[in-house]
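One structure is given here, and the rest of the page talks about it.
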Amino acid sequence: MSIEVRSISKTFGNFTALHDISLTVPNGELVALLGPSGCGKTTLLRIIAGLEQPDPGSGQILFYDEDVVDRSVGERQVGFVFQHYALFRHMTVFDNVAFGLQVKPRRERRSKGEIRDRVMELLRLIQLESQASRFPSQLSGGQRQRVALARALATEPKVLLLDEPFGALDAKVRMELRRWLRRLHDEIHVTSVFVTHDQEEALEVADQVVVMNQGRVEQVGTPTEVYDHPANPFVYSFLGNVNLFHGRIDVGHAHFDSIRVDLPPVRPALDRTVVGYVRPHDIEVSRTCSSDEEIEAVVSHIHGAGGMPRLELERLDNHERVEAELTRDRFRELALQVGERVFIRPKSMRVFVEGQPLDYQI
Amino acid sequence: MAGTVALRKQPLPDVTSPVGAQKPWIKWLLVSLTLGFLTLFLFVPLTAVFTEALRKGIAAYFASFNDPAALAAIKLTLITAAIAVPLNLVFGLAAAWAIAKFNFVGRNLLITLIDLPFAVSPVISGLIYVLLFGLQGWLGPWLAEHDLKVIFAVPGIVLATIFVTFPFVARELIPLMQEQGSEEEQAALVLGANGWQTFWRVTLPNVKWALLYGVILCNARAMGEFGAVSVVSGHIRGQTNTIPLHVEILYNEYNFVAAFAVASLLAILALLTLAAKSLVEWQVRRQAAETLEPTAAED
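Just so you know, the protein sequences line up as chains A and B, in that order.
Residue numbers for the first sequence follow the numbering used here, so the first one is 1 and each next one is one higher.
Residue numbers for the second sequence follow the numbering used here, so the first one is 363 and each next one is one higher.
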C-alpha cells in the first residue's frame, strides 16, 4: 500500500474534525475523498501531507510501510496541489515549476541543464510550453491549476495530494480539466488522493471513492460500488438526488402505502417505521394506472432542458414531493403538461433498517 | 504625519460616480479647493524656506553648512537614521510576519500596540524615556553607577527615534501579508524548501515594494523627528543636536539664513522622499495592473 492511515484523530478545541480514521490507498490509484464541507476531508489530506499534525499519539501515517508521522512536510516527498493554486506570484511559470528542484540541497540538486530539461518536459505534459516565461497572473484559472500540478510533479513525489483541485474553476473548464487529470493519471500512475465535495467529479474521475461525513469514513469503494450499493442513507443521499417513501415493517414485508415490498427473512424486526430511498431516474411515470402498486400524483413543474428532463410531482395521497427523471424519448412520448394527473411507481428502491441496507429491487 | 501611513497604494478607482457625471462644477470646486489648500499650506512655506535660505546669496547658503555644529547635527541625524531604520525594518518584518501568518493569543493587542507611537504625542514618548533613564528615573541611578549616559546623549536620541518610527514598516506590511495569506509559503515547504529559502525566495519578494515604501517613510520620519528627540536631547551644541533641533537653535539665535539653509536640507529630504515614494507607488501599481490584466482564456 502506498498510503496507509491508521486510526488518526484530529480535534480543534472542542471540535472533533476526524474520529479515528483508517484508510489505505493502493499503489498507483486515484482516490477521491468525498464529503460535504466540514466533513474533515481537507484536514485528512493536510495531515497526510504533513501540513497539519494529528492529535498527539493518535495513530500512524505510513507511506510505503514507513511511518512518516514525525517527518516534516518537506521530508515526506509529497506533491500538493492547493485549491487556489498558491503559485509563486512573482515567479514565471518556468521558475514555479523549477522551484522544487532548485531548493534541493546542493549535493542532491541537479545541474541547471537537467532542471531545464525536466521543467520543459513537464510543461509539455501540461501543454503550456509556450507560456514558460509568463507570470501566473497572465494565465487563466485552468492554466494556473495545470502549472500547480506540474510544480507538484517536478520533484517526482511519492504521492500526489490535491485539495479541491477544480473547486475554483467554472463548470466547463472544471469538467475538461478533471478528464484531463484522469488521462494524465493513466499516463503517469502516481498514487493520488484528491479532495472534492462534488460527487459527480468523484464518481467520474476516481478509482476508489472514500465517502466521509462528520469526521468519519462512511464507505469506501469503486464509484459503481458506492453508487449502486450505498452502505447507509447518508451515502445514498449524498451521491445523488433522492425521493423518500415512508413505510412500516410487517411480517416479511415493508409497506409503503399501496406499495408492498417483500423483505428477506433474516430481518425479524416488526412494526418499525422504515424509509425507502428511490433515485429520480428510478421513478416510472405513466398516464394510465396499470397496477394497484402505483401512486397518483400531479405534475407541478417541468424542467425540460438537458439530457434528462425532470418532473416535479406532488403525491395526491400525502402531498409529498417526488422528483422523477425521464429519458428524452419518454419525455417526448408522454408530452405532459403542468397540472396533469399521472401514476408513478418506483422501479427500484433501497430500504435501510436502522441504518443498514436491505437491498430490494422491484 | 501619522495620517500618511493610512493611505494605501491601491490603483486609484476610475471615478465616474453619478454625482460627478451630472455636475461637473462639483468636480472643479473640489479640485480647486484642494489645490488652493495645498498652495497655501504646502507650496508657500516650501518656497519660503528656500527663499529665506538663499536671501544672502548662494555663498552664504553653503557657508551655513561649513559650521562644525551644523556638520555634527547632520552627522548625528544620519547616524540615528542608520541605526533606527534597519532595526525597524527587522522589527516591522518580524511583527508583520507574526501577525499575518500566525494565530496567537494577544495578536490583536500587538496590532494595537504597534499603533501606539501614532497615538501618543512625541513629547510624551520622549518623556517616557526621561522617566526611565533620566537621573531621577527608574534606571537612572543604576546607569549613573555604571557611567552610562542615555538621556542627553546619543543613545537616548536613537531610542526615542526608534520608538517614534517603529510603526511605519509594520503598518505597511501587515495588510499586504494578511491579504496574501500563507499558502505560497506552505507550497514552498511542501516542495522541500527550508524556512530560510522560503523567506528569501517567496515571502520577501512578495512584499518587497511595500517594505521599501515603509522604509522610505520610516527614514523620512527618523530624520525629521523633533518632539521626542527634543525632550531627550538636552540640546548640547555639536553633540546631541539633530538637524531639526539645530534649526530651532539657529532660529532662536536670529540666524535666519543658516536656520533656513539647514531647514532646506530637510525640505530636500522631503522632496526626495516624495519622489522615491511615487516611484515605489508606481511600481506597486504596475504590479497590481499586471494582476488585474484580463487573463488569457485559452482553456
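Don't be surprised by glycine CBs; every beta carbon is placed ideally from N, CA and C.
Fair warning: this is a prediction, and the values are worked out from it, not measured in the lab.
Does the beta carbon of residue i sit closer than 8 angstroms to a beta carbon anywhere in chain A?
i	result
E546 of chain B	yes
G559 of chain B	Going by the sequence as given, residue 559 of chain B is Gln instead of Gly. It does: the Cβ of Q559 of chain B has a partner Cβ on chain A nearer than 8 angstroms.
L553 of chain B	yes
N465 of chain B	no
E655 of chain B	Residue placement at E655 of chain B is poorly supported in this model, since its pLDDT is 47, which falls under 50; the coordinates still yield a value, given next. Yes, its Cβ sits closer than 8 angstroms to a Cβ of chain A.
K371 of chain B	Note that K371 of chain B scores 46 on pLDDT, short of 50, meaning its location in the model is unreliable and no value can be drawn from it.
D661 of chain B	Note on D661 of chain B: pLDDT 39, under 50, position unreliable in the model; the coordinate value appears next. It does; some Cβ of chain A falls within 8 angstroms.
G382 of chain B	Note that G382 of chain B scores a pLDDT of 49, beneath 50, so its modelled location is shaky; the value from the coordinates is reported in the next line. Judged by the 8 angstroms Cβ criterion, G382 of chain B is not in contact with chain A.
In terms of alpha-carbon separation, which member of the options lies closest to residue i?
i	options	result
W558 of chain B	A:E4, A:R144, A:P105	A:P105
D55 of chain A	A:Q138, A:T11, A:G38	A:T11
A168 of chain A	A:V193, A:L149, A:G141, A:V159	A:G141
E164 of chain A	A:F194, A:E187, A:M175, A:W180	A:F194
R6 of chain A	A:E29, A:D65, A:G28	A:D65
L101 of chain A	A:T327, A:T92, A:S111	A:S111
S2 of chain A	A:L161, A:R109, A:E312	A:L161
L181 of chain A	A:S348, A:V31, A:I344, A:P26	A:V31
Q83 of chain A	A:V73, A:Q53, A:R46	A:R46
E414 of chain B	B:A637, B:S626, B:A632	B:S626
S595 of chain B	B:I611, B:L538, B:R533, B:L634	B:I611
F530 of chain B	B:N450, B:A506, B:P503, B:G468	B:N450
P484 of chain B	B:T523, B:L475, B:A582	B:T523
A17 of chain A	A:T24, A:G247, A:S9	A:S9
A443 of chain B	B:V577, B:L633, B:A432	B:V577
R144 of chain A	A:N14, A:T224, A:R116, A:V173	A:V173
V520 of chain B	B:K437, B:T396, B:P407, B:I420	B:K437
T222 of chain A	A:G215, A:A231, A:R216, A:Q214	A:A231
I598 of chain B	B:A550, B:L493, B:L628, B:F514	B:F514
V342 of chain A	A:S37, A:I283, A:R248	A:I283
E541 of chain B	B:T396, B:L402, B:I461	B:I461
L538 of chain B	B:A637, B:T635, B:A410, B:G454	B:G454
G74 of chain A	B:L551, B:A435, B:A457	B:L551
A432 of chain B	B:R648, B:T635, B:E643, B:A623	B:A623
K41 of chain A	A:H253, A:R216, A:I302	A:R216
Can residue i and residue j be called in contact, C-beta distance under 8 angstroms?
i	j	result
L51 of chain A	I21 of chain A	no
T604 of chain B	V593 of chain B	no
V609 of chain B	A422 of chain B	no
W571 of chain B	Q645 of chain B	yes
V285 of chain A	L311 of chain A	yes
D207 of chain A	E29 of chain A	yes
L122 of chain A	L153 of chain A	yes
P280 of chain A	N241 of chain A	yes
P26 of chain A	Q77 of chain A	no
V93 of chain A	R124 of chain A	no
E615 of chain B	Y575 of chain B	no
G518 of chain B	V512 of chain B	yes
M585 of chain B	L633 of chain B	no
V569 of chain B	E547 of chain B	no
F63 of chain A	V159 of chain A	yes
Check whether chain B comes within 8 angstroms of residue i, counting only Cβ atoms and requiring the distance to be less than that.
i	result
L23 of chain A	no
H319 of chain A	no
F12 of chain A	no
V78 of chain A	yes
V298 of chain A	no
K104 of chain A	yes
V159 of chain A	no
Which chain A residues sit within Cβ distance under 9 angstroms of residue i?
i	result
V564 of chain B	F88, H90, M91, F99
Which residues in chain B sit within 8 angstroms of residue i, going by Cβ to Cβ distance?
i	result
T155 of chain A	L553, G554
G339 of chain A	Result: empty, since nearest Cβ-Cβ is about 44 angstroms, beyond 8 angstroms.
If contacts are defined as beta-carbon pairs under 8 angstroms, then residue i and residue j qualify, I think. What distance do you get, rounded to the angstrom?
i	j	result
F352 of chain A	V275 of chain A	7 angstroms
E314 of chain A	A297 of chain A	6 angstroms
K639 of chain B	S544 of chain B	Wrong, their Cβ atoms sit about 28 angstroms apart, outside the cutoff.
V119 of chain A	A148 of chain A	Actually they do not touch by this definition, with Cβ atoms about 14 angstroms apart.
V210 of chain A	L326 of chain A	Actually they are not in contact, since the Cβ atoms of V210 of chain A and L326 of chain A sit about 32 angstroms apart, beyond 8 angstroms.
P567 of chain B	H90 of chain A	5 angstroms
V516 of chain B	T439 of chain B	Their Cβ separation, rounded to whole angstroms, is 11 angstroms, which puts V516 of chain B and T439 of chain B out of contact at 8 angstroms.
R272 of chain A	R287 of chain A	R272 of chain A to R287 of chain A, Cβ: 35 angstroms. No contact.
Note down, in chain order, every chain B residue with its Cβ under 9 angstroms from the Cβ of residue i.
i	result
L51 of chain A	Q548, L551, V552
Under 8 angstroms Cβ-Cβ, which residues of chain A neighbour residue i?
i	result
N450 of chain B	Going along chain A, no residue has its Cβ under 8 angstroms from N450 of chain B, so there is no contact; the nearest lies around 24 angstroms.
Residues of chain A with CB under 7 angstroms from residue i, in chain order?
i	result
P537 of chain B	Simply none; closest approach about 16 angstroms.
N568 of chain B	R89, H90
I want to verify the contact list: residues of chain B whose CB lies under 7 angstroms from the CB of residue i, in sequence order.
i	result
F82 of chain A	E545, A549
V73 of chain A	L551, V552
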